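Single-structure report; data block below.
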Amino acid sequence: MGRDVVLTKAVSRIVCLNPSQTETLVDLGLEEHIVGVTKFCVHPSHIRKVKTVVGGTKKVNFDKIQKLNPDIVLCNKEENTQEIVETLEKEYPVHVTDVSNLQDTLEMLHQYGLLFNCSQNAEKLCVRILLEKKQFDTFMKAKTKKKVAYFIWQNPYMVAGKDTFIHHMLEINGFENAFAHQDRYPTVSLEELSDLSLDLILLSTEPFPFKETHQKELQELLGIEVKLVDGEYFSWYGSRMLGAFQYFRSLHGH
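If you read the sequence shown in my numbering, its first letter stands for residue -1, the second for the next number, and so on.
Structure, rendered in structure tokens:
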């Protein structure tokens, strides 16, 4: 995000306030250096048991972070609040990612490689992600484009618009996002959807935990195909992308 991160010594203590970044750190071989995570850092599954949980992504316990004496705190523009970032950077070096597409992900990995002296592992991860993407692009060539709406919330219903990582992943999947003309995460009514000539509605498992009951209910109400999708593969960047393309294949039918 244009911040200069100044480190006066090698990093050995990391607090990470974003789930996909925590998973990525582990996959870069940095687990031993992580000292603090959020309650939403669910991958790998053991991480919250062996590291200090310092709160959520929107509200953290600054005293807990202080006791951990981190060399750096990792944040994300969308997940963490400006207040959290500004409070933390008074005390520690803070690195803030702003990821809305694949290129941003690769840039984040490059920066982590430099910050944490793991450039070789970061480069390998980038190469693997790009290879998976290339193979998926080939797989998608014969697929028909579908117009979709990607739901992230209920009461009110909210969907993914442009300038989001989800929108980018929809594009990679060959979907036409019906809300590509709107910013971020617009609120929508079911009445609006009936005028959009949608082929498909995607219900994400996060942040709102849509279930099969919601899927069946919407399908009956709208008469449109509705699919429940794993939100992690559409909204988590970093090393999670390694498994994303295989998951996307299953969505489109092998």
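All C-beta atoms in this analysis are idealised placements derived from N, C-alpha and C, irrespective of residue type, glycine included.
All values reported here derive from a predicted model rather than from experimental measurement.
Which of helix, strand or coil does DSSP assign to residue i?
| i | result |
| --- | --- |
| E189 | helix |
| K225 | strand |
| K62 | helix |
| T50 | strand |
| M(-1) | For M(-1), the pLDDT reaches just 49, beneath the cut-off of 50, and the residue's location in the model is therefore unreliable, leaving the point undetermined. |
| V13 | strand |
| C124 | helix |
| L5 | coil |
| L72 | strand |
| S202 | strand |
| T22 | helix |
| V83 | helix |
| T103 | helix |
| T36 | coil |
Cα separation between residue i and residue j?
| i | j | result |
| --- | --- | --- |
| E87 | K75 | 14 Å |
| V58 | C73 | 12 Å |
| F243 | Q133 | 9 Å |
| M50 | F163 | Checking the sequence shown, residue 50 turns out to be Thr, not Met. About 28 Å. |
| N78 | V227 | 24 Å |
| F232 | H212 | 19 Å |
| S98 | H166 | 7 Å |
| E215 | L249 | 21 Å |
| G229 | V48 | 25 Å |
| G0 | L219 | Bear in mind that a pLDDT of 49 at G0, under 50, signals an unreliable position, so the number given afterwards is only what the model happens to contain. The alpha-carbon atoms of G0 and L219 are separated by roughly 46 Å. |
| S237 | D135 | 19 Å |
| P184 | T55 | 21 Å |
| V3 | L107 | 15 Å |
| V224 | L196 | 10 Å |
| E204 | W151 | 8 Å |
| V186 | P154 | 7 Å |
| C124 | E189 | 42 Å |
| L23 | L100 | 17 Å |
| V52 | E130 | 34 Å |
For the ligand NAP, is there a heavy atom less than 8 Å away from the beta-carbon of residue i?
| i | result |
| --- | --- |
| A8 | With respect to small molecules bound, the structure shown includes none, and the ligand NAP cannot be examined in it. |
Under 9 Å, do residue i and residue j count as touching if we go by C-beta distance?
| i | j | result |
| --- | --- | --- |
| T95 | Q19 | yes |
| L5 | I70 | yes |
| I199 | I222 | yes |
| L240 | N119 | no |
| Y235 | T103 | yes |
- [ ] Taking only runs that begin and end inside the stretch 134 to 198, name each unbroken beta strand (DSSP E) of 3 or more residues, in chain order.
- [x] If we require 3 residues or more, the beta strand (DSSP E) runs fully inside the stretch 134 to 198 come out as 144 to 151 and 173 to 175.
Task: Meets three-Cβ-pair contact criterion under 8 Å: the stretch 41 to 48 and the stretch 141 to 152 - done: Under the three-pair Cβ rule at 8 Å, the stretch 41 to 48 does not count as touching the stretch 141 to 152.
Task: Inter-stretch contact (C-beta, 8 Å, three-pair minimum) for the stretch 110 to 127 and the stretch 172 to 187 - done: Look at the beta carbons and you see the stretch 110 to 127 not touching the stretch 172 to 187: under three pairs across the two are nearer than 8 Å.
- [ ] Evaluate the contact criterion for the stretch 3 to 16 versus the stretch 28 to 35: three or more CB pairs, one atom per stretch, below 8 Å.
- [x] The stretch 3 to 16 vs the stretch 28 to 35: in contact.
- [ ] Let me know the alpha helix (DSSP H) ranges lying completely inside the stretch 226 to 250, each 4 residues or longer, listed in chain order.
- [x] Uninterrupted alpha helix (DSSP H) stretches at least 4 residues long and entirely within the stretch 226 to 250 occur at 229 to 233 and 239 to 250, given in chain order.
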